[in-house]
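The next block holds one structure in the form of structure tokens; read it before the comments.
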Amino acid sequence: MSVVETILVFVVAPAAVVGVMAVLIWGPRAARAARYRPGREWPYEPVWYAPHPLAVQDMSHDEPPARRPQLSAGSSATTAATGTATTAAGGARGTW
Amino acid sequence: MTTHETRQSVATDVPAKAADVAATTTGEYTTGDRSPFTLKQLERLDEALTMASRETAINFSVYVGRLSGDSRATAEGLHPGMGAKAANGVLLAVDPGQRLLEIVTGQQSVKRLPDRSCALAALSMTAAFGSGDLVGGIVNGLRMLSDQAGHPSRFR
Numbered sequence: 001m002s003v004v005e006t007i008l009v010f011v012v013a014p015a016a017v018v019g020v021m022a023v024l025i026w027g028p029r030a031a032r033a034a035r036y037r038p039g040r041e042w043p044y045e046p047v048w049y050a051p052h053p054l055a056v057q058d059m060s061h062d063e064p065p066a067r068r069p070q071l072s073a074g075s076s077a078t079t080a081a082t083g084t085a086t087t088a089a090g091g092a093r094g095t096w
Numbered sequence: 097m098t099t100h101e102t103r104q105s106v107a108t109d110v111p112a113k114a115a116d117v118a119a120t121t122t123g124e125y126t127t128g129d130r131s132p133f134t135l136k137q138l139e140r141l142d143e144a145l146t147m148a149s150r151e152t153a154i155n156f157s158v159y160v161g162r163l164s165g166d167s168r169a170t171a172e173g174l175h176p177g178m179g180a181k182a183a184n185g186v187l188l189a190v191d192p193g194q195r196l197l198e199i200v201t202g203q204q205s206v207k208r209l210p211d212r213s214c215a216l217a218a219l220s221m222t223a224a225f226g227s228g229d230l231v232g233g234i235v236n237g238l239r240m241l242s243d244q245a246g247h248p249s250r251f252r
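Line order of the protein sequences matches chains A and B.
Under the working numbering, the first residue of the first sequence carries the number 1, and numbering increases by one thereafter.
Under the working numbering, the first residue of the second sequence carries the number 97, and numbering increases by one thereafter.
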């Protein structure tokens, strides 16, 4: 066995095997988004998810038109009067 | 941003309208380095949001990001950003960094989702968040809230 063959068999081949296994083990984990861990920083930009616009509108057509205006007229009147003032009326909060 | 001068001292980096940030549901998924969720998670979120909104005719929306200063005031300041649907809207604002959750209901939606129902949903959501499952908590919370609100025609 020459020196080159020895190096190939005892250094390069094990290194290749270790490399393949490392990629198999840590590859998928690196490709995935980082898992959220409570207490850690949240480094991402704020995101705001809204439902598909049609999801809410579709429902309003199903309702009897006679009853509908009472609510919507009242709400739009208050929003128009108050302008950009708060629209919040209730809710809840939580910590973890 | 111009419509919220009152809270600009508290939160300058918080977007003023839902349109200012990436919306998942219009088909343009953004999963670059800046998206906190994977495509699969975004799909779950999208489905839960759309189904909850369709079943109840309430405009649910989810904000994930920093709620600086007074978190309640910041979340309530975000609420009008839903536009005309804000009165009939429910905002779930999650701040994973500060470990805070704020559920904000509008003047119409509060009639169908009283604070007690929201508190119950918040409890189940924070339980999931505590174990590190952000998307699962949000999806479960949306499901609980939409179950509570019920179908609109059955309600009125």
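Positions of the beta carbon are idealized from the N, C-alpha and C atoms, including for glycine.
Through-space distance from residue j to residue i, alpha-carbon basis
i, j, result
"A:Val12", "A:Trp42", "41 Å"
"A:Val23", "A:Ala15", "12 Å"
"A:Arg29", "A:Met1", "40 Å"
"B:Val323", "B:Thr152", "Nothing can be reported for residue 323 of chain B, as the shown portion of chain B is limited to 97 through 252."
"B:Ser131", "A:Glu45", "8 Å"
"B:Val235", "B:Met221", "9 Å"
"B:Gly179", "A:Ala89", "15 Å"
"B:Thr134", "B:Val160", "14 Å"
"A:Thr6", "A:Gly27", "30 Å"
"A:Tyr36", "B:Arg195", "11 Å"
"A:Leu8", "A:Val17", "12 Å"
"B:Leu145", "A:Pro38", "24 Å"
"B:Ala215", "A:Thr87", "19 Å"
Cutoff 8 Å: residue i Cβ touching any chain A Cβ
i, result
"B:Ser105", "Residue placement at B:Ser105 is poorly supported in this model, since its pLDDT is 33, which falls under 50; the coordinates are not used for a value here."
"B:Ala118", "A caution first: B:Ala118 carries a pLDDT of 43, below 50, which makes its placement in the model too unreliable to give a value."
"B:Ala245", "no"
"B:Ser164", "no"
"B:Thr170", "no"
"B:Met221", "yes"
"B:Ser242", "no"
"B:Val158", "yes"
"B:Arg208", "no"
Local conformation of residue i per DSSP, three classes
i, result
"B:Ser149", "helix"
"B:Gly253", "There is simply no residue 253 of chain B to check, as chain B begins at 97 and stops at 252 in what is shown."
"B:Thr134", "coil"
"B:Ile199", "strand"
"A:Thr95", "strand"
"A:Trp42", "coil"
"A:Ala99", "Not covered by the structure: residue 99 of chain A. The range shown for chain A is 1 to 96."
"B:Leu163", "coil"
"B:Leu209", "coil"
"A:Ser2", "coil"
Contact test: residue i Cβ vs the ligand ZN heavy atom, cutoff 7 Å
i, result
"B:Ala169", "This structure simply doesn't include the ligand ZN, nor any ligand for that matter."
CB-CB length for residue i against residue j, believed under 8 Å
i, j, result
"A:Arg93", "B:Arg239", "Not a contact, Cβ separation roughly 19 Å."
"B:Val158", "A:Tyr49", "4 Å"
"B:Asn155", "B:Gly193", "With 8 Å as the limit, B:Asn155 and B:Gly193 do not qualify as a contact, their Cβ atoms being about 26 Å apart."
"B:Gly246", "B:Ala217", "At roughly 14 Å, the Cβ-Cβ gap does not stay under 8 Å, so B:Gly246 and B:Ala217 are not in contact."
"B:Leu187", "B:Phe225", "17 Å between Cβ atoms; not a contact."
"B:Ser67", "B:Ala148", "Because chain B in this structure spans residues 97 to 252, residue 67 of chain B falls outside the shown range and cannot be described."
Chain B contact for residue i (CB, 8 Å cutoff)
i, result
"A:Ala89", "yes"
"A:Trp102", "Coverage of chain A is limited to positions 1 through 96, which leaves residue 102 of chain A absent and any answer about it impossible."
"A:Pro14", "no"
"A:Thr95", "yes"
"A:Arg29", "no"
"A:Thr86", "yes"
"A:Glu45", "yes"
"A:Arg35", "yes"
Would you call the region 203-216 of chain B and the region 160-179 of chain B in contact, with 3 or more CB pairs under 8 Å? With a cut-off of 8 Å, the region 160-179 of chain B and the region 203-216 of chain B do not count as touching, because too few Cβ pairs lie within range.
Sufficient close CB pairs (3 or more, under 8 Å) joining the region 135-145 of chain B to the region 162-172 of chain B: Here the region 135-145 of chain B makes no contact with the region 162-172 of chain B; the two share fewer than three CB pairs at distances below 8 Å.
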